[in-house]
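Everything on this sheet refers to the single structure shown next.
Numbering (the working numbering), first residue to last: 212 to 631.
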């Protein structure tokens with residue numbers, strides 16, 4: 212009789228759309244499936260097949276009750292008795308569903324995708340922690356972000372919850388982080404070690420060439436043939452510093468349209484309003500086009516084409532990525548994979564882990580300089596120079612951030628956990 216195939220359950224608040232956690236979960240799932248394992252999915256929203264998904268509305272960070280609870284927990288340093296009661300009530304519901312999820316799909320391993328690191332959903336983190344403590348279920352905590360990296364979590368009435376579950380220190384949990392700095396901080400703050408597995412792309416499978424559907428993108432968005440398409444492939448949140456991308460486009464003094472492919476997400480709409488006003492003030496054409504992009508191609512409810520992220524990169528002339536803080540940098544990696552030149556801030560993780568490997572980008576620190584503008588303009592006007600830069604970066608990406616790297620490191624982790 213053959214050896215049983217390992218059955219793995221991914222757990223997160225949302226496993227849908229184009230956010231970094233959902234995208235990396237897809238990559239891990241692909242590699243684990245190719246290794247012969249079976250994968251299943253627990254979330255408040257899931258785009259995975261229904262027969263492999265366990266959807267609990269209360270698990271979503273955008274559930275009305277959870278959203279209200281989050282506001283109560285991160286607006287001052289004290290919480291009410293009623294708030295504590297609500298946390299416990301949601302925790303009980305979610306823990307019951309976690310038991311059912313594991314039993315229904317007969318799971319051998321859980322992979323918590325950011326659910327035990329960033330306290331976007333306190334009850335889910337507590338429920339997971341209690342479930343793991345009670346059952347000893349082997350778990351990989353795949354940590355993309357931590358609360359100590361985000362200023363908005365500094366004012367907290369949930370510090371006791373955060374210390375216990377974000378992340379928890381339990382013998383059944385193997386911690387995985389996406390950069391070396393996070394590993395050092397985790398060890399310093401909790402005393403536990405972590406494996407570093409960076410974000411990856413499938414560099415051994417080159418991206419598709421633009422087809423007729425891709426070529427519809429520019430006219431569909433009203434971008435003229437003689438305009439440059441500048442892509443900002445991030446969520447609309449303050450730490451992405453999209454105002455610097457708007458400034459760059461203004462200072463290029465070329466016919467350009469800046470396209471923002473993602474939505475605001477979980478941090479409100481005030482920043483998007485500010486960006487619209489700034490773009491109007493500077494006379495820069497900015498398209499907030501999240502409704503026209505998805506992980507895969509499709510249609511809007513009124514029949515307009517929805518383009519994939521691949522289409523966005525393939526159609527773009529230049530990528531902007533002026534973030535001040537990133538756990539790793541999906542947009543950087545995607546730009547490298549799709550062979551697009553990139554103007555980006557040299558955020559700390561890029562300086563520590565990525566730039567020493569030899570990648571060539573148009574980098575800046577705190578603000579856009581004349582040199583930044585000049586280099587960006589040169590790349591737009593000199594396709595041969597752009598091609599040389601992007602080909603070099605693609606080959607480096609293939610060496611350091613391919614699916615082969617992910618496969619090798621996951622096999623090591625599973626072996627250490629006694630599961631391979």
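Note that the Cβ used here is the ideal one computed from N, Cα and C, for glycine as well.
Since the model is a prediction, treat every value here as computed from it, not as a measurement.
Taking residue 302 as the reference, which of 372, 323, 289 has the closest Cα?
Within the chain shown, residue 302 is the residue found at index 91, counting from 1. Among 372, 323, 289, the Cα nearest to that of residue 302 belongs to 372.
Between the beta-carbon of residue 261 and the beta-carbon of residue 218, is there less than 8 Å?
The residue labelled residue 261 in the question sits at position 50 within the chain shown. The residue labelled residue 218 in the question sits at position 7 within the chain shown. Cβ atoms of residue 261 and residue 218: not closer than 8 Å.
Taking residue 497 and residue 461 to be in contact with their CB atoms under 8 Å, please state how far apart those CB atoms are, rounded to whole angstroms.
As a position in the chain shown, residue 497 is number 286, starting the count at 1. As a position in the chain shown, residue 461 is number 250, starting the count at 1. Not confirmed; about 10 Å, so no contact.
Bridge partners of residue 574, per DSSP?
Start at 1 with the first residue of the chain shown, and residue 574 comes out as number 363. Paired residues: 555.
Helix, strand or coil at residue 254 [DSSP, three-state]:
Locating residue 254 in the chain shown gives position 43, counting from the first residue. DSSP, read as helix, strand or coil, puts residue 254 in strand.
Could you check whether the Cβ of residue 263 sits closer than 8 Å to any Cβ belonging to chain B?
Chain labels in this structure do not include chain B; a single protein chain is all it has.
Beta-carbon proximity of residue 554 to residue 542, cut-off 8 Å:
Taking the first residue of the chain shown as position 1, residue 554 is located at position 343. Taking the first residue of the chain shown as position 1, residue 542 is located at position 331. No, the pair does not count as a contact, with Cβ atoms beyond the cut-off.
Under DSSP, the beta strand (DSSP E) around residue 220 begins and ends at which residues?
Position 9 of the chain shown, counted from the first residue, corresponds to residue 220. Judged by DSSP secondary structure, residue 220 falls within the beta strand (DSSP E) whose first and last residues are 218-222.
Among 550, 312, 221, which residue has its Cα nearest to the Cα of residue 597?
The count along the chain shown starts at 1 and reaches residue 597 at position 386. Of the candidates 550, 312, 221, the one whose C-alpha sits nearest the C-alpha of residue 597 is 550.
If we call anything under 8 Å between Cβ atoms a contact, is residue 615 one with residue 319?
Counting from 1 along the chain shown, the entry for residue 615 is found at position 404. Counting from 1 along the chain shown, the entry for residue 319 is found at position 108. Using a Cβ distance threshold of 8 Å, residue 615 and residue 319 do not count as a contacting pair.
If residue 428 sits next to residue 526, beta carbons under 8 Å apart, how far is it from one beta carbon to the other, in whole angstroms?
As a working note, residue 428 is residue 217 in the chain shown. As a working note, residue 526 is residue 315 in the chain shown. Residue 428 to residue 526, Cβ: 4 Å. Contact.
Beta strand (DSSP E) runs wholly inside the region 507-558, at least 3 long, in chain order
Counting only runs of at least 3 residues, the region 507-558 fully encloses the following beta strand (DSSP E) elements, listed from N- to C-terminal order: 516-519, 529-532, 553-556.
Indicate the three-state DSSP secondary structure (helix, strand or coil) for residue 478 in the structure shown.
By 1-based counting over the chain shown, the position of residue 478 is 267. Residue 478: coil per DSSP, three-state reduction.
Do you know offhand how far residue 397's Cα is from residue 490's?
Indexing the chain shown from 1 puts residue 397 at position 186. Indexing the chain shown from 1 puts residue 490 at position 279. Rounded to the nearest angstrom, the two C-alpha atoms are 39 Å apart.
Taking contact to mean 3 or more Cβ pairs, one atom from each stretch, closer than 8 Å, check whether the region 305-325 and the region 278-295 are in contact.
Between the region 305-325 and the region 278-295 there are fewer than three C-beta pairs closer than 8 Å, too few to call the two in contact.
When you compare only the Cα positions, how much space is there between residue 379 and residue 310?
Looking up residue 379 in the chain shown gives position 168. Looking up residue 310 in the chain shown gives position 99. In this structure, the alpha-carbon of residue 379 lies about 18 Å from that of residue 310.
Rounded to the nearest angstrom, what separates residue 457 and residue 281 at their Cα positions?
What you label residue 457 is simply residue 246 of the chain shown in a count that begins at 1. What you label residue 281 is simply residue 70 of the chain shown in a count that begins at 1. The C-alpha of residue 457 lies about 32 Å from the C-alpha of residue 281.
Can you list, in chain order, the residues of its chain with a C-beta nearer than 7 Å to that of residue 212? Leave out the 5 residues immediately preceding and following it.
In the chain shown, the residue the question calls residue 212 occupies position 1. Residue placement at residue 212 is poorly supported in this model, since its pLDDT is 44, which falls under 50; the coordinates still yield a value, given next. Excluding positions up to five away in sequence, the list is empty.
Per-residue DSSP class, three states only, for residue 614:
Locating residue 614 in the chain shown gives position 403, counting from the first residue. In the structure shown, residue 614 adopts helical secondary structure according to DSSP, grouped into three states.
I'd like the list of long-range same chain contacts for residue 450, defined as Cβ closer than 7 Å, with 5 residues on each side in sequence excluded.
As a working mapping, residue 450 is identified with position 239 in the chain shown. Residues 534, 535, 536 of the same chain have their beta carbon placed closer than 7 Å to that of residue 450, with the five preceding and five following residues left out of the count.
So what's residue 315 in DSSP terms, helix, strand or just coil?
Taking the first residue of the chain shown as position 1, residue 315 is located at position 104. Helix, per DSSP.
Distance check for residue 329 and residue 196, CA to CA, integer angstroms please.
Nothing about residue 196 can be read from this structure; the chain reaches only from 212 to 631.
Which residue marks the beginning of the alpha helix (DSSP H) containing residue 396, and which one marks its end?
Translated into the one-based positions of the chain shown, residue 396 becomes position 185. Residues 391-401.
Ordered list of beta strand (DSSP E) runs contained in the region 431-487, each at least 3 residues
Qualifying beta strand (DSSP E) stretches, in chain order: 439-443, 467-471.
Run through the DSSP bridge pairs and tell me what residue 499 is partnered with.
Locating residue 499 in the chain shown gives position 288, counting from the first residue. Paired residues: 471.
Determine whether the beta carbon atoms of residue 591 and residue 439 lie at a separation below 8 Å.
Here residue 591 refers to the residue found at position 380 when the chain shown is read from its first residue. Here residue 439 refers to the residue found at position 228 when the chain shown is read from its first residue. Yes, they are a contact pair.
Measure the alpha-carbon distance for residue 358 versus residue 332 and round it to whole angstroms.
Mapped onto the chain shown, residue 358 falls at position 147. Mapped onto the chain shown, residue 332 falls at position 121. For residue 358 and residue 332, the distance between alpha carbons rounds to 12 Å.
The region 577-588 in contact with the region 606-621 per 3-pair CB rule at 8 Å
Because the criterion of three Cβ pairs below 8 Å is not met, the region 577-588 and the region 606-621 do not touch.
Give me, in chain order, the residues of the same chain whose beta-carbon lies closer than 7 Å to that of residue 454; leave out the 5 immediate sequence neighbours on both sides.
The residue you call residue 454 lines up with position 243 of the chain shown. Excluding positions up to five away in sequence, the list reads 486, 489.
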